[in-house]
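What follows is one structure encoded as structure tokens, with my remarks underneath.
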Amino acid sequence: MELSDVVRTAVTTRYFTEEPVTDSQLERAFDYARFAPQGGNRQPVRFVVVRDEAKRRQLAEWYLVPWKAYLSGAQSGEIGIGAEKAEKALRNADHMAENLHKVPVMVVACAHLDGVHPTDTELGRLSVVGGGSIYPAVQNFVLGCREAGLGAALTTLLCLFEPQVKELLGIPDEVITAAHIAVGHRSAPFPTKLDRLPLSEMVFTDSYGSATYA
Ligand SMILES: Cc1cc2nc3c(=O)[nH]c(=O)nc-3n(C[C@H](O)[C@H](O)[C@H](O)COP(=O)(O)O)c2cc1C
Numbered sequence: 257m258e259l260s261d262v263v264r265t266a267v268t269t270r271y272f273t274e275e276p277v278t279d280s281q282l283e284r285a286f287d288y289a290r291f292a293p294q295g296g297n298r299q300p301v302r303f304v305v306v307r308d309e310a311k312r313r314q315l316a317e318w319y320l321v322p323w324k325a326y327l328s329g330a331q332s333g334e335i336g337i338g339a340e341k342a343e344k345a346l347r348n349a350d351h352m353a354e355n356l357h358k359v360p361v362m363v364v365a366c367a368h369l370d371g372v373h374p375t376d377t378e379l380g381r382l383s384v385v386g387g388g389s390i391y392p393a394v395q396n397f398v399l400g401c402r403e404a405g406l407g408a409a410l411t412t413l414l415c416l417f418e419p420q421v422k423e424l425l426g427i428p429d430e431v432i433t434a435a436h437i438a439v440g441h442r443s444a445p446f447p448t449k450l451d452r453l454p455l456s457e458m459v460f461t462d463s464y465g466s467a468t469y470a
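For the sequence shown, the numbering used here gives the first residue as 257, with consecutive numbering after it.
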């Protein structure tokens with residue numbers, strides 16, 4: 257596949273079949289993750305591929321807790337999700353949450369905390385730079401899944417259950433969880449067009465708001 261086709265169609269998959277996914281089907285995606293940049297090239301990211309049915313069922317059960325709280329917040333308007341197509345998006349995400357235990361693979365993206373290099377901790381606002389040493393690898397993995405014809409759903413809600421997830425999977429103390437990626441075969445073809453901002457609203461020249469592209 258061309259890179260442009262991969263990045264333009266790597267949608268969040270929310271409807272999966274139960275068809276198994278093999279380690280060799282995932283190998284190239286993990287290899288792409290390996291090549292992502294990290295601050296100081298410290299390479300803090302690790303992945304745990306969860307296949308065991310009891311463990312996946314437990315992860316799915318925990319996931320429902322923050323998901324249902326998020327869903328009710330979004331439905332009541334308490335959490336603004338800011339999308340016109342919000343209702344459909346919530347319905348699809350709820351379907352995924354309710355059926356997560358059936359998705360054949362859950363990949364837990366972890367990181368050695370001392371290997372991320374946050375440079376924005378003194379600004380008096382939420383620090384985000386540390387995640388920059390983790391999520392490029394996660395996205396490379398997601399793109400690799402897309403190239404392999406596999407659907408993926410990048411989620412972070414389950415990070416709330418980090419202590420429980422770490423115990424379940426034997427993740428060492430100094431390692432944190434950053435994302436949980438459900439991976440499987442899609443029950444429908446990949447879309448050809450995603451709902452994304454146009455460049456005119458996203459890229460500016462010299463002054464914020466001064467659009468580079470029409
Ligand atoms: C950092 C991050 C965290 C996310 N966490 C969740 C999550 O916990 N649950 C979920 O259903 N989707 C999650 N998503 C998926 C987003 O909802 C999705 O990327 C976005 O709605 C665009 O949807 P699309 O891929 O269908 O176009 C997350 C995405 C990102 C980038």
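Glycine included, every Cβ here is placed at the ideal spot set by N, Cα and C. Given the structure is predicted, the values throughout are model-derived calculations rather than measurements.
Legend entry - Other residues of its chain near D350: CB distance less than 7 angstroms, five sequence neighbours each side excluded: L327
Legend entry - Nearest to L425 (by Cα), restricted to the options V384, L346, F303: F303
Inset, instruction - Check whether the Cβ of V431 sits closer than 7 angstroms to any heavy atom of ligand 1, and report yes or no. - result: no
Inset, instruction - For the beta strand (DSSP E) containing V431, list its first residue and its last residue. - result: 431-440
Inset, instruction - For A367, verify whether its CB is less than 7 angstroms away from any heavy atom of ligand 1. - result: no
Legend entry - Chain-order list of residues whose beta-carbon lies under 8 angstroms from that of P392 (same chain, five-residue window excluded): A292, P293, Q294
Inset, instruction - Please name the residue in E283, P300, W323 whose C-alpha comes closest to that of C415. - result: W323
Legend entry - Classification of P445 by the beta-carbon crowding that lies within 10 angstroms, buried from 16 upward: exposed
Inset, instruction - Might you give, ordered along the chain, the residues of its own chain that have their beta carbon closer than 8 angstroms to the beta carbon of R270, omitting 5 neighbours on each side? - result: N348, A349, H351, M352, A409
Legend entry - Coil, strand or helix - G405 by DSSP: coil
Inset, instruction - Pick helix, strand or coil for T265, following the three-state DSSP scheme. - result: helix
Inset, instruction - Rank S332, A266, V361 by C-alpha distance to the C-alpha of E309 and give the top, closest one. - result: V361
Inset, instruction - Could you spell out the range, first to last residue, of the beta strand (DSSP E) harbouring A365? - result: 361-368
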